[in-house]
Amino acid sequence: MKVLLTGSTGFVGRNVLLELLKQQKYEVIYLPVRSEAKLRQQLMEEGFLEFPEVLKPLVMEAPNWDFSHLGVIDHVVHSAGVLFGNSLEDYMRTNTEGTLRLMQTVSTPNKIVILSSQAASGPCVGAQDYKTEQDQNRPLTWYGSSKLQMEQTVQAKFPQMNVVFLRPPMILGGRDTATLPLFKMANGIVQIKPGFKKKQYSFVAVQDLVGAIIQVLQSEFSLSALPQKYFFVASDQVITDIDLIKTTTGLMNKKGRLIFIPEFLIWMASQIISVIPSLTKALPSLSRDRAKEIWPNKWVVSSHSFEKQFSWKAKVDLKGALTDTLDWYVKSGQLIVK
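Add 8 to a position in the sequence shown, counting from 1, and you land on the number used in my numbering.
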């Protein structure tokens, strides 16, 4: 069998690639990448002394992908995407237009798994305990809007394609880069929390998300017959921002001091960061647009539909996911625990 994997040098894609190599079920793994050198370097870091023969790098960049020359491909895992940008157009170019280009040029695969995001749905509203796939989509950010537009456009233009969209919430685990600031903060004397109220979140460990992707690829039924195309995939464990901070400091044997910062100060900082390009680049999660995700008090979802449809269950709890993340940062030299 042949598989096409996008985003193979990113957080999720890198973990998916390692699992595909471990399973040894594919004779060819196509990898569209911007830099083949980066791909080779990452594989060396993973212990591959020689470049695996099954891997076929394709140097190209979304949205200018063209896979029409590859012939028949059995499976597609599309994990490439833009997390941070300066405009809606930046997100749309890769997250929406790039996905459409993939769908237009790839030969009809048996199964396609596309990584979307909880951001496409938005946070809980009012007294909601959690969101399901049946709830109204209300994305807050350009990123979330681009993911929702991607889902809707693909379903409208390719209604018969065997495609499933997975909507993970916060993803934790080895090879992540987004949570490095959290660990660096925990490694210090002071930990900062935006706002005075506890905020609730869903999360998923990257190995559980990879397991969900593999479960879809190995399912024996046609994806085109599914009554719905997008699914939340998350742990049943609901956490708070304080849980996140305290678990991280605990793993590092730190106590520190937790300081609550009024949200209006965070809002003011986001306004300043958004007009200074160097700060926007250094602190992308605090840009005016992405900071909108900080204000809601509940980002919780239910994975019941996916669990029932694909016989999947998240296994890794918060402590386990953060332990894997910490181990990776230390191993890769990105973090020195004092």
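Even glycine gets a Cβ: it sits at the ideal position worked out from N, Cα and C. Note that this is a predicted model, so its numbers are computed, not measured.
N- and C-terminal bounds of the beta strand (DSSP E) containing residue i
i, result
"leucine 63", "63-67"
"phenylalanine 211", "211-213"
"arginine 175", "171-175"
"phenylalanine 240", "238-240"
"leucine 266", "265-269"
Backbone CA spacing between residue i and residue j [nearest angstrom]
i, j, result
"alanine 194", "glutamine 342", "14 Å"
"leucine 225", "alanine 233", "15 Å"
"glutamine 245", "aspartate 216", "13 Å"
"serine 129", "lysine 321", "21 Å"
"threonine 187", "tyrosine 209", "15 Å"
"glycine 89", "tyrosine 99", "8 Å"
"glutamate 27", "valine 162", "27 Å"
"tyrosine 337", "leucine 252", "17 Å"
"valine 67", "leucine 231", "30 Å"
"tyrosine 38", "glutamine 199", "43 Å"
"proline 175", "phenylalanine 272", "Before going on, a small fix: residue 175 reads as arginine here, not proline. Taking the straight line from one Cα to the other gives about 30 Å."
"leucine 190", "glycine 79", "44 Å"
"arginine 146", "proline 304", "12 Å"
"isoleucine 280", "proline 60", "47 Å"
"phenylalanine 318", "aspartate 332", "25 Å"
"tryptophan 73", "serine 43", "14 Å"
"isoleucine 302", "glutamate 53", "34 Å"
"glutamine 31", "phenylalanine 19", "19 Å"
"glycine 182", "valine 214", "8 Å"
"asparagine 118", "aspartate 82", "5 Å"
"histidine 77", "methionine 169", "19 Å"
"leucine 330", "isoleucine 344", "16 Å"
"threonine 149", "aspartate 297", "6 Å"
"lysine 33", "leucine 108", "27 Å"
"lysine 206", "alanine 135", "15 Å"
"leucine 57", "leucine 156", "40 Å"
"isoleucine 284", "glutamate 35", "48 Å"
"isoleucine 120", "glutamate 315", "18 Å"
Buried versus exposed call for residue i [16 or more other C-beta atoms within 10 Å across all chains shown]
i, result
"arginine 265", "exposed"
"phenylalanine 268", "exposed"
"serine 124", "buried"
"threonine 104", "buried"
"serine 349", "What is shown of the chain runs 9 to 346, which leaves residue 349 out entirely."
"lysine 165", "exposed"
"glutamate 159", "buried"
"histidine 86", "buried"
"alanine 70", "buried"
"threonine 185", "exposed"
"valine 172", "buried"
"alanine 299", "buried"
"asparagine 23", "buried"
"alanine 127", "buried"
"lysine 139", "buried"
"glycine 152", "buried"
"aspartate 335", "exposed"
"valine 309", "buried"
"lysine 263", "exposed"
"phenylalanine 211", "buried"
"threonine 347", "Residue 347 lies beyond the range of the chain shown here (9 to 346); nothing can be said about it."
"proline 40", "buried"
"methionine 111", "buried"
"threonine 113", "exposed"
"proline 131", "buried"
"proline 177", "buried"
Residues that residue i bridges to, as DSSP identifies them
i, result
"arginine 22", "Bridge partners of arginine 22: none, in fact."
"lysine 10", "Val36"
"lysine 139", "Val309"
"lysine 119", "His83"
"methionine 100", "Answer is none; methionine 100 lacks a bridge partner."
"valine 41", "Val67"
"glutamine 208", "Thr248, Lys306"
Delimiting residues of the alpha helix (DSSP H) encompassing residue i
i, result
"lysine 201", "Premise fails: lysine 201 lies in the beta strand (DSSP E), 198-202, not in any alpha helix (DSSP H)."
"methionine 178", "Not the alpha helix (DSSP H): methionine 178 falls in the beta strand (DSSP E), residues 178-180."
"isoleucine 253", "249-259"
"threonine 113", "107-113"
"glycine 152", "150-165"
"phenylalanine 56", "Element bounds for phenylalanine 56: n/a, residue is neither H nor E."
"phenylalanine 92", "Note, phenylalanine 92: premise wrong, no alpha helix (DSSP H); not H, not E."
"alanine 194", "188-194"
Margin query: My parser needs the alpha helix (DSSP H) runs of 4 or more residues fully inside the region 297-346; what are they?
Written below: You should have 312-318, 326-339.
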